[in-house]
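Residue numbers (the numbering used here): 31 to 309. Virtual Cβ for every residue (Gly too), placed ideally from N, Cα, C. What follows is a single structure, written as structure tokens, with notes after it.
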Ligand SMILES: C[S@@+](CC[C@H](N)C(=O)[O-])C[C@H]1O[C@@H](n2cnc3c(N)ncnc32)[C@H](O)[C@@H]1O
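Rendered as structure tokens:
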């Protein structure tokens, strides 16, 4: 069940189908030529950052609609920033998390404790919940946490043990470390620049080391993985691995490029980086 498709990319743009809606949006890294130029006429709406932030054709779109993305049903809506409530390049990660937690939970008596930091609209949280793990979902935006809870209901996971936390990540982790709460698996997708619940400034260059130190402080006695992703220029897979290697105990490190992938005849679009540590 997968109703997201990358249809094409090129000339600094990407063409994607989200359920019943086809959108043409900016994609700076797609510097090549489109492979299927005719398809672009199918776009229901397009977004541009050229003369300020601007949608064309937005009025004809539904206010909100739903799509199944990698086994998770998501509510989608166009935002003024050109976002939709999902970053589809993370869907391979959702699959990995669901499958890895399923395998890990077989070897454990107690449910796994999964922590999702900068968790946005909850795709990864819900993939983890589908595996049976107990989840903690943290984001500074009250609106995004409410959106993630709507997604939980769409997936009939509203009664699953998920703690929904609106807080600044570093403040939250300090509190969890003090309270003695521990997690087996942690995912974090820090923004280049963000704001905590009370307006605290989060700049990745300064704040990420502290975040990772605090993640270490809340790891359980048998930690399974810490998965770090980034969309910040310069934060290459090696940068992420170096950070994890310095801060976490000895373990296995893997790294890679996050790719937005389509059918076999569509070019992959690099859309971020990842590194993961397994204990
Ligand atoms: C790039 S999005 C994360 C995307 C998400 N991981 C996904 O794959 O769908 C960044 C998120 O971090 C949140 N955020 C930014 N600064 C924060 C902070 N200091 N503490 C907690 N959340 C923060 C934003 O509200 C936003 O939802």
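Starting from the C-beta of residue 144, find all residues in its chain whose C-beta is less than 6 Å away, skip the five residues before and the five after it, and write them out in chain order.
-> Counting only residues of its own chain and dropping the five nearest sequence neighbours on each side, residue 144 has a CB closer than 6 Å to the CB of 158, 163, 165, 215.
Residue 46: CB within 7 Å of a non-hydrogen atom of ligand 1 = In this structure, residue 46 has its CB at a distance of at least 7 Å from all heavy atoms of ligand 1.
Residue range of the alpha helix (DSSP H) that includes residue 129 | Note, residue 129: alpha helix (DSSP H), 121-136.
Is residue 291 near ligand 1, in the sense that its beta carbon is under 7 Å from a heavy atom of that ligand?
-> Residue 291: no, Cβ never under 7 Å from ligand 1.
Element boundaries [alpha helix (DSSP H), containing residue 245] = It spans 234-247 - the alpha helix (DSSP H) in which residue 245 sits, taken as one unbroken run.
Should residue 149 be listed as close to ligand 1, given that the test is whether its C-beta is under 7 Å from any heavy atom?
-> For ligand 1, at least one heavy atom lies less than 7 Å from the Cβ of residue 149.
Between 39, 258, 153, 276, which lies nearest to residue 303 when the distance is taken from Cα to Cα?
-> Per the Cα distances, 258.
Going straight from the alpha carbon of residue 296 to that of residue 54, what length do you get?
-> Approximately 15 Å between the Cα atoms of the pair.
Please name the residue or residues paired with residue 290 in a DSSP beta bridge.
-> DSSP lists 299 as partners of residue 290.
heavy atom of ligand 1 below 7 Å from residue 239 C-beta | No, the beta carbon of residue 239 sits no closer than 7 Å to any heavy atom of ligand 1.
Close beta carbons around residue 95, own chain, < 7 Å, minus the five adjacent residues each side = Cβ contact annotation for residue 95 (same chain, cutoff 7 Å, sequence separation greater than five): 49, 50, 51, 106, in chain order.
Could you spell out the range, first to last residue, of the alpha helix (DSSP H) harbouring residue 267?
-> Taken as a continuous stretch (DSSP letters only), the alpha helix (DSSP H) holding residue 267 covers 267-277.
How many angstroms separate the CA atom of residue 83 from the CA atom of residue 210?
-> Using only the alpha carbons, I get a separation of about 44 Å.
Any chance the segment 31-48 sits against the segment 68-79, with 3 or more Cβ pairs inside 8 Å?
-> Because the criterion of three Cβ pairs below 8 Å is met, the segment 31-48 and the segment 68-79 touch.
Is residue 77 helix, strand or coil by DSSP?
-> Note: residue 77 maps to strand in three-state DSSP.
So what does DSSP say about residue 157, is it helix, strand or coil?
-> Shown here, residue 157 sits in a helix according to DSSP, grouped into three states.
Is any heavy atom of ligand 1 found at a distance shorter than 7 Å from the C-beta of residue 6?
-> Given a span of 31 to 309 for the chain in the structure shown, any question on residue 6 remains unanswerable.
Helix, strand or coil for residue 51, going by three-state DSSP, please let me know.
-> Note: residue 51 maps to strand in three-state DSSP.
Hey, could you find the ends of the beta strand (DSSP E) residue 140 is sitting in?
-> Looking at the DSSP string, residue 140 is not in any beta strand (DSSP E), and its letter there is neither H nor E.
Whole angstroms is fine: what's the gap from residue 103's alpha carbon to residue 174's?
-> Cα to Cα, residue 103 sits roughly 16 Å from residue 174.
CA nearest to the CA of residue 167, picked from 161, 178, 160 | Of 161, 178, 160, the smallest CA-CA separation from residue 167 is found for 178.
Residues bridged to residue 282 by DSSP?
-> As DSSP reads the structure, residue 282 sits in a beta bridge with 308.
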